[in-house]
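A.B. asks:
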Amino acid sequence: MKKYLEAGKVVNTHGIKGEVKIQPWADDAQFLNGFKFLYIDGRAVKLISGRVHKNFLIAQLEGVSTVNDAMVLKNKVVSIDRSEAKLPKDRFFLADLIGAKVCTETGEELGTLTDVLELPSSNVYVVTGKREILIPAVPEFIINTDISGGLVTVRLIEGM
Numbered sequence: 005m006k007k008y009l010e011a012g013k014v015v016n017t018h019g020i021k022g023e024v025k026i027q028p029w030a031d032d033a034q035f036l037n038g039f040k041f042l043y044i045d046g047r048a049v050k051l052i053s054g055r056v057h058k059n060f061l062i063a064q065l066e067g068v069s070t071v072n073d074a075m076v077l078k079n080k081v082v083s084i085d086r087s088e089a090k091l092p093k094d095r096f097f098l099a100d101l102i103g104a105k106v107c108t109e110t111g112e113e114l115g116t117l118t119d120v121l122e123l124p125s126s127n128v129y130v131v132t133g134k135r136e137i138l139i140p141a142v143p144e145f146i147i148n149t150d151i152s153g154g155l156v157t158v159r160l161i162e163g164m
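If you're matching positions, the sequence shown starts at 5 in the numbering used here and goes up one per residue.
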């Protein structure tokens, strides 16, 4: 597993004091606000303060005190240190699914989970094996997700 996970992107500056507007790649922008450090270009940057506004994190970062400082960070990917993340039980990072083996509840191996499509209605797992299969990531289809074992067990319907 990777030590650092991509967690968002600086999409703009905010105000005149060097704040940045971060689009989170998480269910909730508040998640990013719980970290002491964010990582940009592999460099730790202390999160001095942050607040959520319209599902964006408005962040004041150490060493960024002017609009010009903030502008340099625009379009940069923001990462987090996995060891600092406190996830509830039965929650995981989508990045940890990539490479997992996917089997049916009867034990038939379908292939490897190669991508997760984040769609408005639900996420969809892309499984590549003998053929590519798209599986909605909803309880009706996903029976079990074992991140540490690298296995996702699914229930298919006829025609999948």
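Backbone N, C-alpha and C fix where the C-beta goes; we use that ideal spot for every residue, glycine too.
If you're wondering where the values come from, they're calculated on a predicted model, not measured in any experiment.
1) Relative to the C-alpha of D100, which residue among K25, V156, F41 is closest?
2) Where do the ends of the beta strand (DSSP E) carrying A11 lie?
3) So, at 7 Å on beta carbons, what are the nonlocal neighbours of C107 in its own chain, with the 5 sequence-adjacent residues on each side left out?
4) Per DSSP, which residues does Q27 bridge with? Please list them.
5) Determine the direct distance from the alpha carbon of G54 to that of N72, and round the result to whole angstroms.
6) Start and end of the beta strand (DSSP E) containing N59?
7) Based on the DSSP output, what are the partners of D94 in its beta bridges?
8) Which of the three DSSP states is assigned to V71 in this structure?
9) Considering L160, what are the terminal residues of the beta strand (DSSP E) in which it resides?
10) Cutting at 7 Å between CB atoms, please list the residues of its own chain near M75, excluding the five before and the five after it.
11) Considering N37, what are the terminal residues of the alpha helix (DSSP H) in which it resides?
12) Once the 5 residues before and after A30 are set aside, which same chain residues still bring their CB inside 8 Å of it?
C.D. replies: Short version:
1) For the purposes of this step, residue 100 is taken as the residue at position 96 of the sequence shown. Of K25, V156, F41, the residue nearest in Cα terms is V156.
2) Stepping through the sequence shown from its first residue, residue 11 is reached at position 7. Residues 8-18.
3) Position 103 of the sequence shown holds residue 107. Hits under 7 Å: E113, L114, L155, T157.
4) On the sequence shown, position 23 is the one that residue 27 refers to. K13, per the DSSP bridge assignment.
5) Numbered from 1 along the sequence shown, position 68 holds the residue referred to as residue 72. Numbered from 1 along the sequence shown, position 50 holds the residue referred to as residue 54. For N72 and G54, the distance between alpha carbons rounds to 19 Å.
6) Working through the sequence shown from its first residue, we reach residue 59 at position 55. Counting along the chain, N59 falls outside any beta strand (DSSP E), and DSSP gives it neither H nor E.
7) Here residue 94 corresponds to residue number 90 of the sequence shown, with the count starting at 1. Partner(s): none; D94 has no beta bridge.
8) Reading the sequence shown from its first residue, position 67 is the one you call residue 71. Correct three-state label for V71: helix.
9) On the sequence shown, residue 160 is found 156 positions in, with the first residue counted as 1. It is not in any beta strand (DSSP E) - L160 carries neither H nor E in the DSSP assignment.
10) Indexing the sequence shown from 1 puts residue 75 at position 71. For M75, where only same-chain residues beyond five positions count, the Cβ hits under 7 Å are T17.
11) Here residue 37 refers to the residue found at position 33 of the sequence shown. Note, N37: alpha helix (DSSP H), 34-37.
12) Locating residue 30 in the sequence shown gives position 26, where the first residue counts as 1. Closer than 8 Å at Cβ, skipping near neighbours: A11, G12, L36.
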